[in-house]
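Worksheet for the structure shown next.
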Amino acid sequence: MSEPLRIALVAEGPTDQPLIAAALNAILPGQPFVLTQLQPEPTYPQLGTGWGGVLKWCHTAGARHTGPIDSDPTLELYDLLIIHLDLDVCGKQYADYPQLPDDERRANWGALPIHYCCPPASTDADKLASVLQTWLTPATIPPIRTHRAMPAGAIIGNLAGRGDPAGRTRSAMRRARLRVQHPAGNMALRTRAQGTQDQENPAGIPEACTRNSRTVERHQTAL
Amino acid sequence: MLRTLTIQGFKSIANLELELGRVNCFIGANGVGKSNVLEALGILGAAASGVVDDESLLRRGVRAGTPRLYKTSFAGLRTPPHISMGITASPHAAYRISLLNPLDAPEPAWAYKTETLNDGERDIVSAGVRSQAKSLNPKAGLAALKRVELAEDNPAAQLMQTLQDYAIYCPNTPALRGIAPDPQTRAPVGLNGGRLAEGFADLQRALHADNPPGEAMLDDILTLIDWVDEVEVSQHASTLLSNQVPRGKWMLKFTDRFMNANRNTLTAYDASEGALYILFCATLCLAEYGPKVFAIDNLDQALNPRLLSRLVSHLAAWLEHRDPDQQLLFTAHNPAVLDGLDLNDPEVRLFAVDRTQQGHTSVRRIVLSEPLRQLLHNYPLSRLWMMGHLGAVPNV
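Protein sequences appear in the order of chains W and H. Mapping the first sequence onto UniProt numbering, position 179 (from 1) lands on 179, and the numbers just tick up by one. Mapping the second sequence onto UniProt numbering, position 238 (from 1) lands on 238, and the numbers just tick up by one.
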């Protein structure tokens, strides 16, 4: 019997998990896996959701461990760690998130906002990855085994924009409409249902949005 | 001691193999299949007793179910024709079954498709029942019949006895208080905690007679209930209970160490739930005629986290005190359970239960590396579990 892959997920929000699970199902056809969300953690006070929550998780991980993050003993039970960050974080600034940690390591964080030059999305992704690395410092991201998932725009926008991957504006508009139509309490159910549909048609995910091709490639390399 | 448990095609378990120790703790999100693992062993117990029907399953604390519920039914996958379970034990003995029951026209009892029993040297029962003479009843287990021909010290006979005695306990407060009947009574306590007074009285007698180690065990138990000076079992408690309260012949009486000497006793009806759950666990682990292997579903009910950690830390020693081969499987949701598990003891095992993206139950034993053991000073297992680093959490 084949053992499932154990995959840890650090994500911006709880609704990202089913979508990333569906994407993994497409990338890893036939491979059983267990996807466990480390962040957001449902506790009070919590690290929080959104990109600030990811930042705080990275900052905490850096305080816990020095060196490649895949050698952090507390993560040894996982085969893969996914850190998800939407590319729209490029346009954020630290002042937007008043609950961020304020210690001497903050001085090392990479600068935000980042000047957009999308398309191509890959340039922005590389810049944001460099910023993410500074959040983890003194922990480091090894070149393989750890992968940063950075879908262009917001991940919900990616799915909302399926079949029409060209326009950031259109994705954002659809995203906004979805959020209006589905209050937060229903969003998790909606994305879970969407994820189930994607699992039933996994081939549709990488094809649906060409901006995901870089994500797919990196996942496969990491594995 | 039961060692390797294999399960195929049962409920959410497509295919599973796990190695058991003396204390086996299963953690995981609600609905991942923890109880299914306990129940698979219960089905083996029913099969070892010769019949797998609702009565035999309920007797062992297994939820009765139709073939539609028992057979795996994952979307896109074929429903298997049978469910299979197997167990190997040390010293060498093995029992394995596959059971049939049609989906559309379920029978009251499951039929044995195959049944094998081995004592390490020879097959006592082998091949399928259906390959035997057609006069054999396929719903009657052969191994249960063959057992009467085996010497008591035969490893296969001991394995069959262990399986037959196995049960899943799920205590509830009314049964522990003695105010509600326990539908599955047995010695030393019923599956819901009935007969606790009688069971604990027998345990007290046995531990007093086994001085000094027995007295030390008794002290361990009472130390866990910090408001109590003494626990006794009595037939006389009429002044402590309203006439409206149902009661059994024997009643537990607790002496509260903080109260005035002539008004400091109370019965199980008024005592804290935690005290009753402690006595329940202690009685099951230590009573001399308790089952050799048993399970407790949701061991952490009603217990303060610190008390729970302390209780769990005693389990391995209690089990070993009564019988070196005694084993416990239990499920829990309270992270404090983990801080009572001494994973340096190879016989104390922690299993993380999850479901894969396909919905299959996956069980993994958590073995800690030396670097992680060193980190436990700052990140105890309870915290690691809450952080998600052990898995076994829902994605909510």
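Just so you know, even glycine gets a beta-carbon here, dropped at the ideal spot from N, CA and C. Owing to the predicted nature of the structure, the values given are computational and were not obtained by experimental measurement.
{"query": "Status (buried if at least 16 other CB within 10 Å, exposed otherwise) for Leu-145/H", "result": "exposed"}
{"query": "For Tyr-95/H, the residue or residues it bridges with in DSSP", "result": "Ile-87/H, Leu-117/H"}
{"query": "Cα-Cα separation between Gln-327/H and Leu-218/H, rounded to whole angstroms", "result": "20 Å"}
{"query": "Rounded separation between Val-337/H and Thr-123/W - CA only", "result": "48 Å"}
{"query": "Of the listed residues Tyr-97/W, Asp-126/W, Arg-106/W, nearest to Thr-49/W (C-alpha basis)", "result": "Tyr-97/W"}
{"query": "Under 8 Å from the C-beta of Ser-369/H: neighbouring residues of chain W", "result": "Pro-73, Glu-76"}
{"query": "Complete alpha helix (DSSP H) runs within the segment 132–158 of chain H (minimum length 4 residues, chain order)", "result": "142–146"}
{"query": "Coarse secondary structure for Met-251/H, derived from DSSP in three states", "result": "strand"}
{"query": "Leu-136/W at chain H interface by Cβ criterion, 8 Å", "result": "no"}
{"query": "C-beta atoms of Pro-335/H and Met-387/H nearer than 8 Å", "result": "no"}
{"query": "Any chain W beta carbon closer than 8 Å to Asn-101/H", "result": "no"}
{"query": "Option in Glu-3/W, Arg-6/W, Glu-12/W, Ile-7/W with minimal Cα separation from Asp-88/W", "result": "Glu-12/W"}
{"query": "Whole beta strand (DSSP E) elements within the segment 249–287 of chain H, 3-residue minimum", "result": "251–256, 265–267"}
{"query": "Under 7 Å from the C-beta of Val-393/H: neighbouring residues of chain W", "result": "Thr-36"}
{"query": "As assigned by DSSP and simplified to three states, the class of Pro-68/W", "result": "strand"}
{"query": "Environment of Lys-11/H [buried if 16+ CB atoms lie within 10 Å]", "result": "buried"}
{"query": "Interface residues of the segment 59–78 of chain H facing chain W [CB-CB below 8 Å]", "result": "none"}
{"query": "Best match in Val-52/H, Pro-246/H, Gly-141/H, Asp-210/H for proximity to Asn-101/H [C-alpha to C-alpha]", "result": "Val-52/H"}
{"query": "Local conformation of Val-228/H per DSSP, three classes", "result": "strand"}
{"query": "Option nearest Val-189/H by Cα separation, candidates Leu-241/H, Met-259/H, Pro-291/H", "result": "Pro-291/H"}
{"query": "According to DSSP, residues forming a beta bridge with Phe-74/H", "result": "The partner list for Phe-74/H (beta bridge, DSSP) is empty, contrary to what the question assumes."}
{"query": "Amino acids of chain H, ordered along the chain, whose beta-carbon sits closer than 8 Å to that of Thr-43/W", "result": "Met-386"}
{"query": "Alpha carbon of Ala-105/H to alpha carbon of Pro-29/W, nearest angstrom", "result": "36 Å"}
{"query": "With 16 other Cβ atoms within 10 Å as the buried cut-off, status of Arg-263/H", "result": "exposed"}
{"query": "Distance between Leu-69/H and Thr-356/H (C-alpha atoms, nearest Å)", "result": "19 Å"}
{"query": "Within chain H, the residues that Arg-6/W reaches when beta carbons sit closer than 7 Å", "result": "Gly-391"}
{"query": "Contacts of Pro-32/W in chain C (Cβ-Cβ under 9 Å)", "result": "Among the protein chains of the structure shown, namely W and H, there is no chain C."}
{"query": "The segment 52–67 of chain H touching the segment 113–123 of chain H, judged by at least three CB pairs closer than 8 Å", "result": "no"}
{"query": "Own chain partners of Ala-302/H with C-beta closer than 6 Å, once the 5 adjacent residues on each side are dropped", "result": "Glu-273, Gly-274, Tyr-277"}
{"query": "Within the segment 50–136 of chain W, ranges of the alpha helix (DSSP H) (whole runs, at least 4 residues)", "result": "50–64, 121–136"}
{"query": "Three-state secondary structure assigned by DSSP to His-333/H", "result": "coil"}
{"query": "Cα-Cα separation, Thr-185/H to Pro-32/W", "result": "42 Å"}
{"query": "Exposure label - residue 442/H; buried when at least 16 CB within 10 Å", "result": "Any question about residue 442/H goes unanswered here, given that chain H covers just 1 to 396."}
{"query": "At least 3 beta-carbon pairs within less than 8 Å: the segment 245–261 of chain H vs the segment 225–236 of chain H", "result": "yes"}
{"query": "DSSP state of Asn-24/H mapped onto helix, strand, coil", "result": "strand"}
{"query": "Backbone secondary structure at Gly-9/H - three-state DSSP", "result": "strand"}
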